[in-house]
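Top to bottom, those sequences are chains A and B. Just so you know, we're using this note's numbering here: the first sequence kicks off at 67 and counts up by one. Just so you know, we're using this note's numbering here: the second sequence kicks off at 11 and counts up by one. Glycine included, every Cβ here is placed at the ideal spot set by N, Cα and C. First the structure, in the form of structure tokens, and then the observations on it.
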Amino acid sequence: MKKQNDAARRKLPKQAVSRPGKVTIHKVPTGVPGLDDILGGGIPEFSLNIIAGTPGCGKTTLAHQIVFANATPKKPALYFTVLGEPAIKMLRYQQQYSFFDASKLGKAIRFINLADDVLEQDLNAVLEDIIKQVTAINPGIVVVDSFRTVVRKAMSSAGELEMQSFIQRLAQFLTSWEATTFLVGEYVSDEMRDNPLFTVADGLIWLSQVTERNSVVRKLQIIKLRGQASVPGLHTIRIGNSGLQAYSRTLGLIGSKTKPVRRRRLSIGIPELDQMLGGGILEGDSLLVAGPSGTGKSALATQFIAEGLRNGEPGIMAIFEERPEGYTHRAGTFGLNLKTPQQKGKLETLYLRPLDLSVDETMQAILDAIARIGAKRLVIDSLVGFEMALAPGFRADFRESLYRMIGALTGAGITILSTVEVEDTFTALSFSHYTISFLTDDIIRMRYVEIDGQLRKVIVVIKMRGGNHSKDIREYVITDKGVVVIGPRQTDYVALTTGLPQRVGQREEAAPEPKATR
Amino acid sequence: MSRATPKMRNFAERLIAYETKENNSSATKRPAAFLVCEKSRSHLATFMGINGFRALLARALVLANAEVAWLRAVHVKADGSLEGLDELAAQVDPKEIAEGSIVLVAQLLGLLVAFIGENLTVRLVREVWPKLSLSDL
């Protein structure tokens with residue numbers, strides 16, 4: 067008998083004995099840039115979701131965006147309005163957004179007002195009306211805005227059990243009819259504990275406004291989402307002419323490509339400095355150039371970008387202090403033409419001096435530009451300016467977000483040069499005000515030194531994670547060719563790093579730049 | 011400011027003419043403006059609720075009253091329908107009835123345009139009168 071069974075089992079086709087496949091939950095796109103990444107791909111199909119938050123957070127706009135992104139005449143959307151914003155005003159305001167497609171109204175998107183049911187009848191009548199409309203129209207998306215007003219009215223006359231039963235029946239019906247549902251409502255976080263609605267819901271999207279000193283930023287949190295992994299935490303959202311835009315805390319960089327195994331050495335555009343770096347900066351490295359004002363950090367950054375362009379590597383310059391015209395003009399004085407690559411779409415200069423922007427929004431602008439032109443080199447000039455451009459409340463997130471962005475971009479093989487202004491103390495050699503050296507693979511320090519009655523400049527490579535580098539302190543000048551490293555290692559002085567060196571050599575040397583005669 | 015602009019009046023005239031033609035064979039000879047408002051009511055109440063429609067029609071009536079005196083005898087009922095128009099039809103000169111009807115419908119359309127714009131207003135009207143040719147306002 068055992069033998070027979072074994073034989074029978076062997077004859078079975080492979081698929082029949084294998085474990086049955088799990089159900090595939092399709093994801094409904096939200097139409098909100100950045101939000102699908104946060105949700106883990108979109109809203110699970112046939113799920114019941116709550117869009118909650120305080121007034122003015124963008125709940126209705128979010129619901130509209132989802133509706134307009136998905137509704138078609140074959141699979142329409144039903145938008146039930148209740149006692150919240152009158153439908154006529156809703157249309158008046160929502161049509162201002164670019165996602166609003168008037169041609170969808172009527173056949174693809176239908177607005178139905180339930181106010182009379184709610185005001186004059188009980189929960190059963192409300193449910194019956196919803197069932198009647200859904201059965202007749204067979205929608206793919208259903209929105210009830212505001213569901214809170216339905217509940218509030220019902221709770222004044224019905225008991226909690228009746229309310230729970232209503233929610234249960236509504237959820238069951240809408241899921242059975244293969245509708246993805248969004249219940250919009252004004253809630254405060256304390257209400258989450260005892261409200262049966264939050265237990266029944268498959269997804270809970272919480273919108274809020276965070277005030278920090280004088281700045282206000284909208285935030286979004288996925289508190290609950292059954293069946294898929296969403297990105298935890300508070301994500302920034304902004305409402306603009308196109309509706310909502312979401313900025314994931316991870317900047318959508320999870321799972322991005324890793325560094326190439328064999329990395330090239332990239333020229334920085336200054337041959338002597340390339341030598342000091344052991345042959346150039348490693349592709350996919352993050353290089354920090356630190357130095358006080360006027361030492362030529364921006365000039366060096368421009369040379370880095372221009373060298374990349376010469377080698378066919380598109381670049382992005384995210385500048386926070388100088389105006390783009392000034393940058394392009396100065397590059398021109400060094401004989402570097404930035405205008406042509408800009409016109410050809412090989413170089414983008416982002417002038418980011420936002421007010422009240424969160425760090426994630428700013429970084430998203432950089433990421434978008436990188437994706438747009440396929441940039442291989444990125445300059446951030448400077449980190450101090452970047453931080454200052456942010457609303458005060460978001461400076462606390464600066465290092466965390468910068469860490470994520472730099473980590474992900476260098477991981478994808480993009481080479482980053484960031485500048486940071488540091489004050490020369492003449493007693494020590496600091497690299498940065500921030501503890502940000504952990505962000506960088508390589509550090510170059512530029513500083514002033516007083517020699518022979520002149521304030522001269524020296525450069526040194528402090529750190530190179532990917533290999534050996536020169537330890538020499540070398541003098542440099544800024545000429546009409548940009549930063550030019552001159553002279554060999556300085557041996558005539560000690561304590562150069564303090565800025566106040568002492569002459570120990572006997573050699574008579576010529577000053578790199580002419581001294582005043584009188 | 012009157013919302014019954016020449017453009018709205020022209021639009022209203024076309025709707026009224028269409029309804030008049032549609033109801034020529036009808037036994038009850040109600041003013042066409044009544045029929046236009048009635049058809050709008052059933053459709054717009056689904057979209058904006060009976061209270062929403064009633065408020066809009068009441069506002070249109072007040073605006074129309076300023077231009078057509080006899081419309082003061084007309085009222086909007088709780089369900090958003092008009093009352094008083096049938097009675098007046100027997101007393102007032104048909105030309106004046108026609109003029110008042112145009113003004114009332116034009117004010118209603120003008121209000122819709124003011125709130126939701128021409129594009130959406132035309133779309134709503136087209137849903138109520140799908141056979142009516144409406145290339146523009």
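Report yes if the CB atom of F464 (chain A) is closer than 8 Å to the CB atom of V526 (chain A), and no otherwise.
-> no
At a Cβ threshold of 8 Å, is L157 (chain A) touching chain B?
-> yes
Start and end residues, alpha helix (DSSP H) containing R522 (chain A) | Note, R522 (chain A): premise wrong, no alpha helix (DSSP H); beta strand (DSSP E) at Q520 to M530.
Does DSSP classify E48 (chain B) as helix, strand or coil?
-> helix
Determine which residues of the stretch 170–190 of chain A have a Cβ less than 7 Å from any Cβ of chain B, and write them out in chain order.
-> Residues passing the 7 Å Cβ filter: L171, G172, F177, I178, N179, A181 and D182.
Cross-chain neighbours of Q161 (chain A) in chain B, by beta carbon under 9 Å = I126, G127, N129 and L130
Residues that E516 (chain A) bridges to, as DSSP identifies them | A:L521
State the start and end residues of the unbroken alpha helix (DSSP H) segment that holds F239 (chain A).
-> Following the DSSP letters along the chain, one finds F239 (chain A) inside the alpha helix (DSSP H) bounded by residues E226 to S242.
What residues from chain B crowd round P152 (chain A), counting only those whose CB sits closer than 7 Å?
-> M58 and G62
When the cut-off is 8 Å and only beta carbons count, does A365 (chain A) lie next to chain B?
-> no
Looking only at DSSP bridge pairs, what is E414 (chain A) linked to?
-> E414 (chain A) is bridged to A:I382.
Measuring only between beta-carbons, confirm whether P79 (chain A) sits less than 8 Å from chain B.
-> Residue confidence is low: P79 (chain A) scores 48 on pLDDT, short of 50, so the model does not pin down where it sits. Its coordinate-derived value is still stated next. No - not a single Cβ of chain B is within 8 Å of the one on P79 (chain A).
Beta strand (DSSP E) segments (min. 3 residues) lying fully within the stretch 238–321 of chain A = 246–252, 269–278, 281–291, 301–306 and 309–313
When the Cβ atoms of the stretch 346–356 of chain A are set against those of the stretch 381–394 of chain A, are three or more pairs found closer than 8 Å?
-> Taking 8 Å as the limit for Cβ pairs, the verdict is that the stretch 381–394 of chain A does not touch the stretch 346–356 of chain A.
Report the rounded CA-to-CA distance for E516 (chain A) versus I544 (chain A), giving the unit in angstroms.
-> Between E516 (chain A) and I544 (chain A), the C-alpha separation is close to 17 Å.
Measure from the C-beta of L97 (chain B) to each C-beta in chain A and report whether the shortest distance is under 8 Å.
-> Note on residue identity: the sequence assigns Glu, not Leu, to residue 97 (chain B). By this cut-off, E97 (chain B) is not an interface position.
What separation, rounded to the nearest whole angstrom, lies between the Cα atoms of T506 (chain A) and G293 (chain A)?
-> 38 Å
Roughly how many angstroms lie between the CA atoms of G172 (chain A) and V132 (chain B), to the nearest whole one?
-> 11 Å
Whole angstroms is fine: what's the gap from L366 (chain A)'s alpha carbon to Y159 (chain A)'s?
-> 49 Å
Would R133 (chain B) count as contacting chain A if we go by Cβ distances under 8 Å?
-> yes
Just the Cα atoms here: how many angstroms apart are T481 (chain A) and G473 (chain A)?
-> 11 Å
L353 (chain A), enclosing beta strand (DSSP E) - first and last residue | That run of the beta strand (DSSP E) goes S352 to G357.
Length at least 4, wholly inside the stretch 133–161 of chain A: the alpha helix (DSSP H) runs in chain order = 153–160
Buried versus exposed, by CB contacts within 10 Å (16 or more), M18 (chain B) = By the Cβ-count criterion, M18 (chain B) is buried, with 16 or more other Cβ atoms from all chains shown falling within 10 Å of its own Cβ.
State whether the stretch 122–132 of chain B contacts the stretch 95–106 of chain B, with contact taken as three or more CB pairs (one from each stretch) at a distance under 8 Å.
-> no
Through-space distance from R176 (chain A) to W139 (chain B), alpha-carbon basis | 17 Å
Is the shortest distance between the beta-carbon of E106 (chain B) and the beta-carbons of chain A less than 8 Å?
-> no
Any chain B beta carbon closer than 8 Å to A168 (chain A) = yes
Whole-angstrom distance between L263 (chain A) and Q238 (chain A), CA atom to CA atom | 13 Å
Buried or exposed (CB count within 10 angstroms, at least 16 for buried), S50 (chain B) | buried
Which whole-angstrom value is the C-beta distance of V98 (chain A) and L310 (chain A), which I expect to be below 8 Å?
-> 5 Å
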